[in-house]
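Line by line, the protein sequences give chains Y and B. Under the working numbering, the first residue of the first sequence is numbered 1, with each subsequent residue one higher. Under the working numbering, the first residue of the second sequence is numbered 1001, with each subsequent residue one higher. Input: a single structure, listed below in C-alpha cells.
2 protein chains.
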Amino acid sequence: MKIGELSRATGTNIETIRYYERIGLLPEPHRTAANYRSYGDAHRARLAFVRHSRELGFTIEEIRSLLDLSDHPERECDEADRIATRHLEQVEEKIAQLTLLRDELTRIVGRCRGGVAADCRVIEALSDHSHCESAH
Amino acid sequence: MKIGELSRATGTNIETIRYYERIGLLPEPHRTAANYRSYGDAHRARLAFVRHSRELGFTIEEIRSLLDLSDHPERECDEADRIATRHLEQVEEKIAQLTLLRDELTRIVGRCRGGVAADCRVIEALSDHSHCESAH
DNA sequence: ATGCACCCTGTAGCAACTACAGGGTCAAGC
DNA sequence: GCTTGACCCTGTAGTTGCTACAGGGTGCAT
C-alpha cells in the first residue's frame, strides 16, 4: 500500500509517518519505480504499535526500547515492564499535580465577581502566590 | 538588582528571564555602565506574576493577555475570568484523559508475569488496541 | 493535453524553554 | 599589577513530537 493508504489505515498523518521513518522508528519501505513508498502488513502492524504507544503517552525513546524488545522475542521482558511501570508512575504523579492545580484554579475562578481589572480576584490571585493553598 | 539576584529572588532561570524579555513578556530593564541589566521591585512583581501563572499552567499568550489587563486596571475583568475558566476546563479534561490512561496502564502493567518478550503482556497489549477497555 | 489527486525531498515552524560558545566586567587576594 | 573566579553579555542552536509549507514529479481520467 502507498503512504496515503497507510495513513488512512492507521489514522496517522502522512508527514508523521515520514517523520517516524526519518528518526528510525519505522524501517525504510520498498519503493515503486516512481520512487513511491510501498508498505506491507508488517509495516502497518509496527506503525499501529507506535501509534498505540504514543496514545498511551510513551515517549519516542521508550517506544524505541519497546520495539527493540518486540523485535527480539527471546529476551527477558522485564525492561518492558520497567518502562510501563515508570510511565504509570509518571502519569499518576501528573494526575496528582493537575488535581492540585484544578483545586487552585477553582478557588481563583470562583472568586471573580466581575467589575474592573483593578478589583479582579483572578489577577490578584496570580499576583500573590501567598493566597494559594497548595504548593505548585 | 542584577539578573542573578532576580533569578534567585523568583526561582527563575537566568536564561528564562532573558527569554521572557526577548519575547516581550518582561519590559527591558535599565542597564548599568557595564551593560548589565538592572531590575527594580516592579520587575520582580511582574516576573512573579508570570512564574505563578506558568506554574498554574497558563500559556505565554494567556499570560500576555492577563498582564495586559493588569496593566489597565480600568478595564472590565471578564477577559481574565474567561481565560481562567477556559484553562480550568482544559485542566479538568486533561485529568479525565490521564485517568483513563492510568486505568489502561494499570491493566497492562498488572498483567506482566515476567519471562521472555515473546510472551510479554505489555508488548502484546501495545500491539493490539482491541485489548483496551477505553478509547484513547 | 490538462486537470487533479497523490507522491517526493528538504527545510522551517510550533511552545517554552535550555544550553552552549565566545566574549566582557568586577572585586578580592597575592 | 596581575590573576582567579564569579558573574554578566549576545547570539545561536538544541529539545520533543510533530506539522506545514515550497517546489517539484507521477498517474489516471476526461
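We put the CB at the ideal spot given by N, CA and C, even for glycine.
Contact with chain B is absent for GLU61 (chain Y), since none of that chain's Cβ atoms lies less than 8 Å from the residue's Cβ. Residues of chain Y with a Cβ closer than 8 Å to the Cβ of HIS1072 (chain B) are, in chain order, ALA117. Taking one beta carbon from each stretch, the segment 43-53 of chain Y and the segment 17-34 of chain Y have 3 or more pairs nearer than 8 Å; the two touch. With contacts defined by Cβ atoms closer than 8 Å, ILE1083 (chain B) and LEU1101 (chain B) do not form a contacting pair.
For THR1099 (chain B), the enclosing alpha helix (DSSP H) starts and ends at 1078-1110. Any Cβ of chain B closer than 8 Å to the Cβ of SER65 (chain Y) would place that residue at the interface, and such an atom is absent. Residues of chain Y whose Cβ lies closer than 8 Å to the Cβ of LEU1006 (chain B) do not exist; the shortest such Cβ separation is about 16 Å. What ALA42 (chain Y) touches in chain B, judged by beta-carbon distance under 9 Å, is nothing: the nearest beta carbon there is about 12 Å away.
The closest CA to that of GLU1092 (chain B), considering only Y:VAL91, Y:THR106, Y:GLU93, is found on Y:THR106. Taking C-beta atoms as the reference points, LEU98 (chain Y) and ALA80 (chain Y) fail to come closer than 8 Å. Against chain B, a Cβ distance below 9 Å from GLY24 (chain Y) picks out nothing, because the smallest value is about 18 Å.
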